[in-house]
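Undergrad: Starting off with a structure, shown below.
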Amino acid sequence: MAKDQFTEQLEAYSRWKEDIISHIKAYREWLSEHDMSTPEDDLRMYEILDALDSDHITIGFAAEFSRGKTELINSIFFANYQRRLLPSSAGRTTMCPTELFYDAKAEKPYIRMLPIETRLEDTSISEYKQDANNWINTDLDVDSPEHMVEAFKEIVKTKSVPVESAIQLELYSTEEFE
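Residue numbering for the sequence shown follows the working numbering, beginning at 2 and increasing consecutively.
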């Protein structure tokens with residue numbers, strides 16, 4: 002199956018990186034033990050190890066609404082749960098940029114979302130990423146598909162606001178309804 006092959010390839014890539022890191026560290030240690038190390042070599046190996054350690058794969062999905070992005074993400078990343086985890090329905094499911102990522106440094110899996118009110122500020126998503134306090138975190142229990150489904154519902158939650166606020170948030174246009 003495609004999902005098994007995809008997972009296997011990601012795991013093989015991860016193992017390859019771990020092997021390369023291990024070999025570079027062993028080589029650096031060997032050079033040091035034999036007094037063959039130079040500051041330039043040390044710096045270059047540090048840079049290589051840092052690049053390998055911070056390396057990650059990013060997969061982006063972009064399309065108009067109702068084109069099956071959520072279904073595709075469910076089938077690629079959550080197929081082993083044997084059910085849809087991300088909410089998907091006809092129409093505009095998510096109106097804000099949504100990122101799903103694996104955070105190996107976190108204590109436990111979570112969903113991280115920006116409050117809709119951040120649309121009122123002239124701040125980029127990159128800037129928001131610099132401060133974890135800007136985000137709302139929802140924990141994920143990866144051992145329970147039922148809990149994951151409930152947690153992922155947070156992504157599509159609707160917040161009712163007065164028309165004036167919706168216009169300020171650029172989520173409502175009087176022209177759409179004339």
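Glycine included, each C-beta is placed from N, C-alpha and C at the ideal position.
Along the chain, where does the alpha helix (DSSP H) containing Tyr103 start, and where does it finish?
TA: To locate residue 103, count along the sequence shown from 1; it is residue 102. First-last for Tyr103: undefined, no H or E at that position.
Undergrad: Does Ile112 come out as helix, strand or coil in the three-state DSSP assignment?
TA: On the sequence shown, position 111 is the one that residue 112 refers to. The answer is strand: DSSP assigns Ile112 an E or B state.
Undergrad: To which residues of the same chain is Ser174 closer than 8 Å at the C-beta, ignoring the five residues directly before and after it?
TA: Numbered from its first residue, the sequence shown carries residue 174 at position 173. Result list for Ser174: Ile168, in chain order.
Undergrad: Rounded to a whole number of angstroms, what is the C-alpha to C-alpha distance between Glu122 and Asn135?
TA: To locate residue 122, count along the sequence shown from 1; it is residue 121. To locate residue 135, count along the sequence shown from 1; it is residue 134. Near 12 Å, if we compare the C-alpha coordinates of Asn135 and Glu122.
Undergrad: Quick check on Lys70: buried or exposed, where buried means 16 or more other Cβ atoms within 10 Å of its Cβ?
TA: The count along the sequence shown starts at 1 and reaches residue 70 at position 69. When all chains shown are included, Lys70 counts as buried.
Undergrad: Around the C-beta of Met37, are 16 or more other C-beta atoms found within 10 angstroms, so that it is buried, or is it exposed?
TA: Translated into the one-based positions of the sequence shown, residue 37 becomes position 36. Exposed.
Undergrad: Near Asn138, which residues of its chain fall below 6 Å by C-beta distance, leaving aside the five closest residues on each side in sequence?
TA: Position 137 of the sequence shown, counted from the start, is the residue given in the question as residue 138. Same-chain partners within the cutoff: Tyr111, Arg113.
Undergrad: On the three-state DSSP scale, how would you describe Asp54?
TA: In the sequence shown, the residue the question calls residue 54 occupies position 53. Helix at Asp54.
Undergrad: For Glu155, which option in Ile117, Thr124, Asp132 has the closest C-alpha, if you only look at C-alpha atoms?
TA: Along the sequence shown, read from residue 1 onward, the residue named residue 155 stands at position 154. That would be Ile117, whose Cα lies nearest to the Cα of Glu155.
Undergrad: Sorted by chain position, which residues of the same chain lie with C-beta nearer than 6 Å to Leu11's C-beta, five sequence neighbours on each side aside?
TA: Locating residue 11 in the sequence shown gives position 10, counting from the first residue. Closer than 6 Å at the Cβ level, and outside the excluded window around Leu11, lies no residue.
Undergrad: May I have the straight-line CA-CA distance separating Phe7 from Phe78, to the nearest angstrom?
TA: Residue numbering aside, residue 7 sits at position 6 when the sequence shown is read from its first letter. Residue numbering aside, residue 78 sits at position 77 when the sequence shown is read from its first letter. Each residue's CA atom was taken as its position, placing Phe7 and Phe78 some 9 Å apart.
Undergrad: Once you ignore the five residues that flank Lys160 on each side, which residues in its own chain have a CB closer than 8 Å to its CB?
TA: Within the sequence shown, residue 160 is the residue found at index 159, counting from 1. Answer for Lys160: Ile117, listed in chain order.
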